[in-house]
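Trainee: My questions will all concern the structure given below.
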Amino acid sequence: MKNFFSILILLFITNLNIFSQSDFKEPVTWETHAEKINDTEYYLVFKAKIEDKWHLYSQYNPEGASLPIEFDSEQKGKLFDFVGKALESETHKEYSEVWKKEEIFFSNEGTLKQRIKLLKLDVKEVELTLYGQACKKSCIQIEKTAKFDLSKAIILKEKQEIKENKQDSKTDNSDAFSISDDKKTKNTKLDDNNPIIFTTSVEKINDKEYYLVYKAKIADKWHLYSQYNPQGASLPIKFDSEQKGKDFDFVGKALESETHKSFTEIIKKEEIYFSNEAILKQKIKLLKENITKIEATLYGQVCKNSCIQIEETAVFDLSKATAVTEMKQTTNSSKDTPSKEKKKGLLMLFFGSFIAGLAALLTPCVFPMIPMTVSFFTKQSKSKAQGIRNAIIYGLAIIFIYVVIGLLVSVVFGADALNELSTNPWFNIIFFVLLVVFAISFLGAFEIMLPNSWANKVDSQADRGGIVGILFMALALAIVSFSCTGPLVGSALVAAASTGEYLAPIISMLGFSMAIALPFTLFAAFPGWMNSLPKSGGWLNTVKVVLGFLELALAFKFLSNADLVLDTHYLQRETFLAIWIAVFGAMAFYLFGKIKLPHDSPLDHISVGRLMLGLLTLTFVIYLIPGLWGAPLKLISGFPPPLNYSESPYGVGSSKGAILREKLPDGAVYGPHDIPSFEDFNEGLAYAKKVNKPILLDFTGKACVNCRKMEEQVWSDPKVMQIIKKDMVLISLYVDFKKALPKEDQYTSKETGKKIRTVGNKWSDFQMKHYKANAQPYYVILNHHSMEALNGFSSYDPNIDKYISWLEEGIGKFEE
């Protein structure tokens, strides 16, 4: 009986499966036909009807998302070849949470026209297969094979301009496309159904050279994408012709009218596009005499909420060419201005100081003060509202005290002196000594304390009550906790001073004090939260010691800055890394409980958190070790000296340099990644004129952290390195180079009124005079003929694609 029921269930499941398969409806159905362009060229047309809410994915769908459409045939290369990618009707874009990419797809319907060119004249029938994927809640693979009888192909009688046009569904050859000649389109109305209209003309430069001119009117809020649009973004314009290499050649990239730039969050790239109108002038050079007509095609993409592929073919009658007209070109550089860069730097300083303040809270001098202070406010206040008010005043008083300290540093030193501090080797050495003293104090060798009499006097004033009493309470906290907060405050101020910004010390102390004040204020306002705090104990000293190790490691960065500026080579990359390996190695052993310091409590075991931090530190040490043999160590780029400032730039025992280094031009040196670099502007300019290449002008500094980050994270990219090495002349001007100028070359700056005594002063003044900026890194692409900046400037931005786009745009402008 049991077997009987099992058989019945099996039969039921089988029949259910058969029923479900027979009831399955294909989400995409197809119609196909051929269209004849001429005796050797055809369009093979696939029309798709797509079920509701299903998506069929475009040929341009990004890699790593749903599978894009592809065409293939066993006859390819034998009977015919493909000519480019298929034309597509309207597609849509939507961000996929699954793939974390913006996907491009057809919805409800789609038409694709794959152009082919016959390799034999007697071909009557061709076969083509379309592969793809359709998805709704699940996905199915698409494989549509069709045979096309070329003898029955619809004849296209005119030169075609093919655009997406949903309104025109009456023509036999395409429901999704409209046809026009090269002079005018059938639909001259500019709207979302017809977002772009072209007109063309030709201009004569001389008997051998012409401009092929495309003028575009673009519908409102639609974008046509520039030739310089970055890879991986919307498709850029490009030009092609079957006559290229036979009757004529293209000369560089086309001249472009005004473009715009905006950062696209979805694809994380800055896109370059035309809006409302566009003019492109493609220069050509004739290879033969008596050429009267040129045919060329512009390919591209226009997008709004959806995207349409553009293919604009035009025939240009050279006998009707007009004189060359001026075209205004505007470069809209959206790179961050120096003021924006300063804002970014100050914001990072604020957050760094805020974190330092949070670290100070976890030290033995501050953490135990939290419950004592909260208890005072809750007991002394007559009501909860008064307690909250007093707690807020107390927090604001803490912030006020520390901000005043930052303000004093800014006022005493001033903007010019702070800027000098950031690159002055002697100040960097002083900072090194200060941080070493702070680190040794945190490690337990001694306490840095203010006089007890100060604390006693302030504490007596705190008993006065009212707002004045609360202010003195805050001051008492600052004095009593100074042995723990002092080194951190000093480190934060040193970091602020090293930026050279006038507001930096104030911003630094604002961040630091807000982190300290916030817990006191919140716990006083909500005393019940106190129950969630961990108890004081030996772990507080552990925090203090770990901060000591971190300050010791940071100290050597300032010593390295001084060594780089003075060019003494005492603290080269290998030595610096060896010191860091030793410091962080000792920190790992300390966290594992293998090293005990003066104020540590006895340990029977270590906590899980301490173990995890120790493992993380040990991992970092292991990561650093290959750097001794030449590994780039990109995680800490900008902190150690650069790779070319080392005993063995290619790693210990490597002969790579001797084999691969190119011969240097006269006056050049090996820069980052062995890129030939000139450190004198005039020598670099002379060489750029000799080889006729654009100049990449690099205002940099030997102690500039962000300069090193750009060189190690961006310039190390193979494509960036290739562009700078092969297509440009690099001139690196070090604004902190302390080599004295000859007496006769020293002068007083007209920009700042300061005496220019060193090579670094000279290049800094040069930057101020010509570019009204004093930030590093600062990159400019120059035309060596006119000395004009070709496309604005670039500064610190680790986005490789944006930097490549900026370089290519500048080179393109130079070639024009």
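Here the numbering used here = 1-based position in the sequence shown + 103.
Backbone N, C-alpha and C define an ideal beta-carbon position, used for all residues, glycine too.
Just curious, the alpha helix (DSSP H) that residue 873 is in, first and last residue?
Mentor: Here residue 873 corresponds to residue number 770 of the sequence shown, with the count starting at 1. Here the alpha helix (DSSP H) through residue 873 covers 862-874.
Trainee: Starting from residue 810, trace the alpha helix (DSSP H) both ways and give me its first and last residue.
Mentor: Within the sequence shown, residue 810 is the residue found at index 707, counting from 1. Counting along the chain, the alpha helix (DSSP H) containing residue 810 begins and ends at 808-812.
Trainee: For residue 660, which of 793, 194, 680 and 364 has the nearest alpha-carbon?
Mentor: For the purposes of this step, residue 660 is identified with residue 557 of the sequence shown, where counting begins at 1. Closest by alpha carbon: 680.
Trainee: So, do the segment 782-789 and the segment 872-881 have three or more beta carbon pairs nearer to each other than 8 angstroms?
Mentor: Counting Cβ pairs under 8 angstroms, fewer than three are found: no touch.
Trainee: Excluding the five sequence neighbours on either side, which residues of its own chain have a C-beta within less than 8 angstroms of the C-beta of residue 827, listed in chain order?
Mentor: Sequence index remark: in the sequence shown, residue 827 carries index 724 (1-based). Here the set comprises 778, 799, 818, 833 and 910.
Trainee: Quick check: the Cα distance between residue 758 and residue 775, rounded to an integer number of angstroms?
Mentor: Residue numbering aside, residue 758 sits at position 655 when the sequence shown is read from its first letter. Residue numbering aside, residue 775 sits at position 672 when the sequence shown is read from its first letter. Legend: pLDDT at residue 758 = 48, less than 50; position of this residue unreliable, no value from coordinates given.
Trainee: Can you tell me the Cα-Cα spacing of residue 348 and residue 233, whole angstroms?
Mentor: Counting from one through the sequence shown, the residue named residue 348 turns up at place 245. Counting from one through the sequence shown, the residue named residue 233 turns up at place 130. Rounded to whole angstroms, residue 348 to residue 233 spans 32 angstroms at the Cα level.
Trainee: Over the uninterrupted alpha helix (DSSP H) stretch that includes residue 528, give me the two end residues.
Mentor: Within the sequence shown, residue 528 is the residue found at index 425, counting from 1. Segment 528-546, the alpha helix (DSSP H) holding residue 528.
Trainee: Which first and last residues belong to the beta strand (DSSP E) in which residue 199 is found?
Mentor: As a first step, residue 199 is located in the sequence shown; it is residue number 96 there, counting from the start. Unbroken beta strand (DSSP E) run through residue 199: 194-199.
Trainee: Would you decide whether residue 710 is buried or exposed? Buried here means 16 or more other CB atoms lie within 10 Å of its CB.
Mentor: Residue mapping note: residue 710 aligns to position 607 of the sequence shown, counting from 1. The residue in question, residue 710, is exposed, as its Cβ has fewer than 16 Cβ neighbours within 10 Å.
Trainee: Identify, in the order they occur along the chain, each residue of the same chain with its Cβ nearer than 7 angstroms to the Cβ of residue 945, setting aside the five sequence neighbours on each side.
Mentor: There is no way to answer for residue 945, as the model of the chain reaches only from 104 to 919.
Trainee: So within the segment 340-417, which uninterrupted alpha helix (DSSP H) runs reach at least 4 residues, ignoring any that extend past its ends?
Mentor: Listed in chain order, nothing qualifies, since the segment 340-417 has no complete alpha helix (DSSP H) run of 4 or more residues.
Trainee: When burial is assigned at 16 or more other CB atoms within 10 Å of the CB, is residue 549 buried or exposed?
Mentor: Residue 549 sits at position 446 when you count from the first residue of the sequence shown. With fewer than 16 other Cβ atoms within 10 Å, it is exposed.
Trainee: Could you please give me the residues that DSSP links to residue 843 through a beta bridge?
Mentor: The residue you call residue 843 lines up with position 740 of the sequence shown. Beta-bridge pairing links residue 843 to 861.
Trainee: Quick one: Cα of residue 202 to Cα of residue 163, how far?
Mentor: Walking along the sequence shown from the start, residue 202 turns up at place 99. Walking along the sequence shown from the start, residue 163 turns up at place 60. Distance between the alpha carbons of residue 202 and residue 163: 15 angstroms.
Trainee: If we define contact as Cβ-Cβ less than 8 angstroms, is residue 337 a contact residue for chain B?
Mentor: The structure shown contains no chain B; it is built from a single protein chain.
Trainee: Please classify residue 236: does DSSP put it in a helix, a strand, or coil?
Mentor: Locating residue 236 in the sequence shown gives position 133, counting from the first residue. Here residue 236 sits in strand by DSSP.
Trainee: In whole angstroms, what separates the C-alpha of residue 726 from that of residue 736?
Mentor: Counting from 1 along the sequence shown, the entry for residue 726 is found at position 623. Counting from 1 along the sequence shown, the entry for residue 736 is found at position 633. Roughly 8 angstroms between the two C-alpha positions.
Trainee: Would you list the one or two residues that DSSP bridges to residue 217?
Mentor: Residue mapping note: residue 217 aligns to position 114 of the sequence shown, counting from 1. DSSP, once it has assigned bridges, lists 147 as partnering residue 217.
Trainee: With a CB to CB cut of under 7 angstroms and the five nearest residues on each side skipped, what residues in its chain are close to residue 391?
Mentor: As a first step, residue 391 is located in the sequence shown; it is residue number 288 there, counting from the start. Hits under 7 angstroms: 350.
Trainee: Grouping DSSP H, G and I as helix and E and B as strand, with all else coil, what is residue 641?
Mentor: Looking up residue 641 in the sequence shown gives position 538. Helix at residue 641.
Trainee: Residue 738 lies in the beta strand (DSSP E); which residues open and close that run?
Mentor: Residue mapping note: residue 738 aligns to position 635 of the sequence shown, counting from 1. First-last for residue 738: undefined, no H or E at that position.
Trainee: With residue 903 as the anchor, note down where its alpha helix (DSSP H) starts and where it stops.
Mentor: Stepping through the sequence shown from its first residue, residue 903 is reached at position 800. Run containing residue 903: 903-918, per the alpha helix (DSSP H) assignment.
Trainee: Taking all protein chains shown into account, decide if residue 395 is buried (16 or more other Cβ within 10 angstroms of its Cβ) or exposed.
Mentor: Residue numbering aside, residue 395 sits at position 292 when the sequence shown is read from its first letter. Exposed is the call here.
Trainee: Any contact of the segment 402-411 with the segment 380-391, i.e. 3+ C-beta pairs under 8 angstroms?
Mentor: At 8 angstroms Cβ cutoff, the stretches do not touch.
Trainee: Look at residue 748 and residue 667 and say whether their C-beta atoms are less than 8 angstroms apart.
Mentor: On the sequence shown, position 645 is the one that residue 748 refers to. On the sequence shown, position 564 is the one that residue 667 refers to. Contact flag set, yes.
Trainee: Can the beta-carbon of residue 578 be found closer than 8 angstroms to that of residue 504?
Mentor: Counting from one through the sequence shown, the residue named residue 578 turns up at place 475. Counting from one through the sequence shown, the residue named residue 504 turns up at place 401. Yes, the pair counts as a contact, with Cβ atoms nearer than the cut-off.
Trainee: Given a cut-off of 8 angstroms, decide if residue 619 and residue 464 are closer than it, judged by their beta-carbon atoms.
Mentor: On the sequence shown, residue 464 is found 361 positions in, with the first residue counted as 1. On the sequence shown, residue 619 is found 516 positions in, with the first residue counted as 1. Yes, these two residues count as a Cβ contact at 8 angstroms.
Trainee: If you draw a straight line from the C-alpha of residue 824 to the C-alpha of residue 895, how long is it?
Mentor: Counting from one through the sequence shown, the residue named residue 824 turns up at place 721. Counting from one through the sequence shown, the residue named residue 895 turns up at place 792. Whole-angstrom Cα-Cα distance: 21 angstroms.
Trainee: Taking just the CA atoms, how far does residue 249 sit from residue 221?
Mentor: Along the sequence shown, read from residue 1 onward, the residue named residue 221 stands at position 118. Along the sequence shown, read from residue 1 onward, the residue named residue 249 stands at position 146. Near 17 angstroms, if we compare the C-alpha coordinates of residue 249 and residue 221.
Trainee: What residue does the alpha helix (DSSP H) around residue 683 start on, and which one ends it?
Mentor: Residue 683 sits at position 580 when you count from the first residue of the sequence shown. Residues 676-694.
Trainee: Where do the ends of the alpha helix (DSSP H) carrying residue 791 lie?
Mentor: Along the sequence shown, read from residue 1 onward, the residue named residue 791 stands at position 688. Taken as a continuous stretch (DSSP letters only), the alpha helix (DSSP H) holding residue 791 covers 784-794.
Trainee: Hey, would you say residue 458 sits closer than 8 angstroms to residue 378, going by beta carbons?
Mentor: On the sequence shown, residue 458 is found 355 positions in, with the first residue counted as 1. On the sequence shown, residue 378 is found 275 positions in, with the first residue counted as 1. Not in contact: residue 458 and residue 378 (Cβ atoms no closer than 8 angstroms).
Trainee: Residue 185 by DSSP, collapsed to three states: which one?
Mentor: As a working mapping, residue 185 is identified with position 82 in the sequence shown. Three-state result, residue 185: strand.
Trainee: For residue 906, which residues of its own chain have a beta-carbon under 7 angstroms away from its beta-carbon, when the five flanking residues on both sides are left out?
Mentor: On the sequence shown, residue 906 is found 803 positions in, with the first residue counted as 1. Closer than 7 angstroms at Cβ, skipping near neighbours: 817, 823, 897 and 900.
Trainee: Need the endpoints of the alpha helix (DSSP H) that residue 827 sits in, please.
Mentor: Within the sequence shown, the letter at position 724 stands for residue 827. Residue 827 -> alpha helix (DSSP H) spans 821-830.
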